[in-house]
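In this note's numbering, the protein residues as written are 966 to 1046.
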């Protein structure tokens, strides 16, 4: 099980995430923004408001949208330190 420790907006629909494993991964969630809950995230101004919810250890938005940390880990690309 993975947990996100920090989140940073990079560009477009990409986030740089730090995981509990010590790894940093670049995640592009654009292909996964289907459905009603993710519709507001298609607006980049809103997408940039991503925050870390420390209670559930993942990225969230004010409208209740979130992604599983395990899913984000799986789709992320490792960033060299």
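Think of the CB as a built atom: it goes at the ideal place given N, C-alpha and C, for glycine as much as any other residue.
Since residue 974 is in the beta strand (DSSP E), which residue starts that stretch and which ends it?
Locating residue 974 in the chain shown gives position 9, counting from the first residue. Element bounds for residue 974: 969–976.
Closer than 7 Å to a non-hydrogen atom of the ligand HEM - does that hold for the CB of residue 990?
Here there are no bound small molecules, and the ligand HEM is not part of this structure.
Evaluate residue 1004 with the Cβ neighbour count: other Cβ atoms within 10 Å of its Cβ, from every protein chain shown; 16 or more gives buried, anything less gives exposed.
The residue given as residue 1004 occupies position 39 in the chain shown. When all chains shown are included, residue 1004 counts as exposed.
Do residue 994 and residue 974 come within 8 Å of each other at the CB atom, strictly closer than that value?
Numbered from its first residue, the chain shown carries residue 974 at position 9. Numbered from its first residue, the chain shown carries residue 994 at position 29. No, Cβ-Cβ distance for residue 974 and residue 994 is not below 8 Å.
Could you check if residue 1023 is buried or exposed, using at least 16 other CB atoms within 10 Å of its CB as the buried criterion?
Stepping through the chain shown from its first residue, residue 1023 is reached at position 58. Buried, because 16 or more other Cβ atoms sit within 10 Å of the Cβ of residue 1023.
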